[in-house]
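A.B. asks: I have a structure here, written as structure tokens, and I will follow up with some questions on it.
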Amino acid sequence: DSICPVDMCRNLEHFFAQESCGFCTPCREGLPWVESLLIDILEGRGEEGDLDILARNAQFIGGPTNTFCLHAPGAMEPLQSALKYFREDFEHYIQHGTRAPASG
Numbered sequence: 029d030s031i032c033p034v035d036m037c038r039n040l041e042h043f044f045a046q047e048s049c050g051f052c053t054p055c056r057e058g059l060p061w062v063e064s065l066l067i068d069i070l071e072g073r074g075e076e077g078d079l080d081i082l083a084r085n086a087q088f089i090g091g092p093t094n095t096f097c098l099h100a101p102g103a104m105e106p107l108q109s110a111l112k113y114f115r116e117d118f119e120h121y122i123q124h125g126t127r128a129p130a131s132g
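When you line the sequence shown up against my numbering, it's residues 29 to 132, in that order.
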């Protein structure tokens with residue numbers, strides 16, 4: 029109820045981007061880009077289609093054959109799960125620029 033899945037993902041992606049060694053491109057470029065897009069969504073600048081872009085990039089960045097270690101795939105797991113199970117929260121931010129009301 030008090031945890032916003034969109035902000036949780038932004039916080040996790042910030043952490044993973046900061047902890048990246050920067051050796052491979054998916055981590056070095058991809059993780060900060062994902063965080064930036066999540067910030068745009070949280071601040072009301074999200075656009076229709078951003079979630080599909082996030083999902084496609086998360087799949088690429090998280091591909092274990094695209095990186096030298098499992099840092100990037102591990103960073104994408106929470107985002108991929110959130111997009112799967114809390115997509116309506118992301119959509120609400122894009123449509124209304126605010127957090128979805130708690131349900132329950």
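For glycine and all other residues, C-beta sits at the position ideal for the given N, C-alpha and C.
This structure is a prediction, so every number in the text was calculated from the model and none was measured.
By alpha-carbon positions, which one of A110, Q123, A128, H99 ends up nearest to Q46?
C.D. replies: With distances taken between Cα atoms, Q46 lies closest to H99.
A.B. asks: Can A110 and P33 be called in contact, C-beta distance under 8 Å?
C.D. replies: Taking 8 Å as the Cβ cut-off, A110 and P33 qualify as a contacting pair.
A.B. asks: For G132, which residues of its own chain have a beta-carbon under 6 Å away from its beta-carbon, when the five flanking residues on both sides are left out?
C.D. replies: Because the pLDDT at G132 is just 49, under 50, the model does not fix this residue reliably, and the point stays unresolved.
A.B. asks: With a cut-off of 8 Å, do at least 3 Cβ pairs link the stretch 74–93 to the stretch 114–130?
C.D. replies: Taking 8 Å as the limit for Cβ pairs, the verdict is that the stretch 114–130 does touch the stretch 74–93.
A.B. asks: In angstroms with no decimal places, state the Cα-to-Cα distance between G125 and G74.
C.D. replies: Answer to the nearest angstrom: the Cα atoms are 8 Å apart.
A.B. asks: Go ahead and pull the three-state DSSP assignment for G102.
C.D. replies: Looking at G102 - three-state DSSP - the assignment turns out to be helix.
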